[in-house]
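What follows is a short report on a single structure.
Chains as they are written, first to last, in our numbering: chain U, 22 to 223; chain E, 17 to 289.
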């Protein structure tokens, strides 16, 4: 699969389009960096895509001195915990949704579709009361749990989308060898749906 | 909450204290979703939400399918470039909004410096068409990488044998894309369109930060109107009613998509191969 069309003639149209897209992605990012290395007075003179005349790292120094490392550590903790929760829960749920044939698994899939449609800011007040009641107010758990909950629907949809492409004959082969559902999940489904899981770690 | 029996006197008492917001919005005591459609601002917001949604799908879907399939190729330069293409995924919506505000600034931004590109009109966020176009552009810039990632993963699982067979039959690049890649990506197209629809119906942060619903209330989409109602005018009842309508719309749309496409039968595209 890795040799896909590698030996055919190069696709110039696609290459040109990709270069155009590189500009669209690159120019705003360049402007972002450009603003970051200039004092405010200089920035307004040159505009967003000019070449900085006297680059300075003063802005970054200010950022680091205003407690940036603490924020960074918190962000990393939240991200790691969220991804862990989402993967530990999302992979089995997707497995059940894809392999289950009953009304329960179909109902659960619908439930996650509804969860996808709930705007976070619409439930922010009940959520706040809930977190408060749980005693997680002003703790990192108060951020991690809602974030994980709100990214579950997306993850289930993405991971189950990857899992359903696993061919049925593989399941049959494992069933013939006497594997239990948990073994099938660990030995077959998780390795084969690895390509889908990076998407869910957004 | 007031019961229906004493709703009338309470409403009268409150309406003397309150200043009625623009657009003739009904009072909170009558915050029934049905009344939403008698509210001018809400009708306009619904229309704009729909326009934004269609615009987003029309821009994002084709670009992300093409980019995803392109970046799934084994070539080394494609791998490097697609790593760059995924960079917007690393930025938060707030950072993206601030960045684009700087870029689109009428005095210091791109429109002022490259006026030939913008037709001499430097205030691109100053008109309704302009601000809606900018919202579509910025949302697409932000979310195309995510959808590209979905399509890239899906395109990599298409068996090589299908392309080899097509090549033997003499199918060129375009026909291979049309008759093999697109049908094989069918499930991913449904997933990604569901995300676009639902995302379009729930996203308000970019509107708040980029245009603040402006100019005036010309680009105030429904989720933004809900946010405004809840956290600016503190009218939680009415905001909750808007939220309920949004939830119904988004759930209805995603269920309809899933149902119409047979996606929930959970069959892969490789079945019968």
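Ideal Cβ placement from N, Cα and C applies to all residues, glycine included. Being a predicted model, the structure only gives us computed values, none of them experimental.
Judged by beta-carbon spacing, residue 169(U) lies within the 7 Å limit of residue 107(U), meaning their Cβ atoms are closer than that value. If you draw a straight line from the Cα of residue 186(U) to the Cα of residue 102(U), it is about 28 Å long. For a cut-off of 8 Å, the C-beta gap from residue 214(E) to residue 266(E) is around 5 Å, short enough to register as a contact. Here residue 159(U) is exposed, its C-beta having fewer than 16 other C-beta atoms within 10 Å. Using a Cβ-Cβ cut-off of 7 Å, residue 182(U) is close to 203, 204, 207 of chain E, given in chain order. By the Cβ-count criterion, residue 119(U) is buried, with 16 or more other Cβ atoms from all chains shown falling within 10 Å of its own Cβ. With contacts defined by Cβ atoms closer than 7 Å, residue 69(U) and residue 120(E) do not form a contacting pair. Membership of residue 176(E) in the alpha helix (DSSP H) is indicated by the continuous run 176 to 184.
Annotated as proximal: residue 72(E) and residue 216(E), with beta-carbon spacing under 7 Å. Neighbours of residue 125(E) in chain U, taken as residues at a C-beta separation under 8 Å, are given in chain order as 68, 69.
In the DSSP assignment, residue 78(E) falls within the alpha helix (DSSP H) that extends over 56 to 87. DSSP places residue 221(E) in the helix class (H, G or I) of the three-state scheme. Counting only Cβ-Cβ distances below 8 Å, residue 42(U) has contacts in chain E at 79, 83, 101, in chain order. Here the alpha carbon of residue 278(E) sits roughly 50 Å from the alpha carbon of residue 129(E). Cα atoms of residue 76(E) and residue 89(U): separation of roughly 34 Å, rounded to the nearest angstrom. Three or more Cβ pairs drawn from the segment 138 to 157 of chain U and the segment 252 to 272 of chain E lie within less than 8 Å of each other, which places the two stretches in contact. Each of 59(E), 58(E), 70(E), 100(E) was checked against the Cα of residue 41(U), and the nearest Cα belongs to 100(E). Taking a C-beta distance under 7 Å as the contact criterion, residue 115(U) and residue 172(U) do not qualify as a contact pair. Under the 7 Å criterion on CB atoms, residue 49(U) is classed as interfacial with respect to chain E. In the assembly as shown, residue 251(E) is a buried residue. Its beta-carbon has 16 or more other beta-carbons within 10 Å. Under the DSSP assignment, residue 125(U) falls in the alpha helix (DSSP H) whose first and last residues are 124 to 138. Under the 7 Å criterion on CB atoms, residue 140(U) is classed as interfacial with respect to chain E. If you check the CB distance, residue 207(E) and residue 178(U) come in under 7 Å.
The Cβ of residue 135(U) sits closer than 7 Å to at least one Cβ of chain E. Interface annotation, residue 186(U): in contact with chain E, CB-CB separation under 7 Å. Taking 7 Å as the CB threshold, residue 270(E) lines the interface with chain U.
Residue 52(U) belongs to the set of residues whose beta carbon lies under 7 Å from a beta carbon in chain E. C-alpha of residue 163(U) to C-alpha of residue 175(U): approximately 20 Å in a straight line.
In this structure, residue 113(E) places its C-beta atom within 7 Å of the C-beta atom of residue 222(E). With a cutoff of 7 Å on beta-carbon distance, residue 182(E) and residue 196(E) are scored as near each other.
In this structure, residue 183(U) sits near residue 214(U), with a CB-CB distance shorter than 7 Å. Residue 155(U) and residue 117(U) have their C-alpha atoms some 29 Å from each other. Its chain contains 161, 164, 165, 168 as the residues whose beta carbon lies nearer than 8 Å to that of residue 99(U), once the 5 sequence neighbours on both sides are disregarded; these appear in chain order.
For the segment 177 to 193 of chain E, residues whose beta-carbon sits nearer than 8 Å to a beta-carbon of chain U comprise 179, 189.
The beta carbon of residue 227(E) sits closer than 8 Å to those of 141, 147, 150, 151, 235, all from its chain and outside the five residues before and after it, given in chain order.
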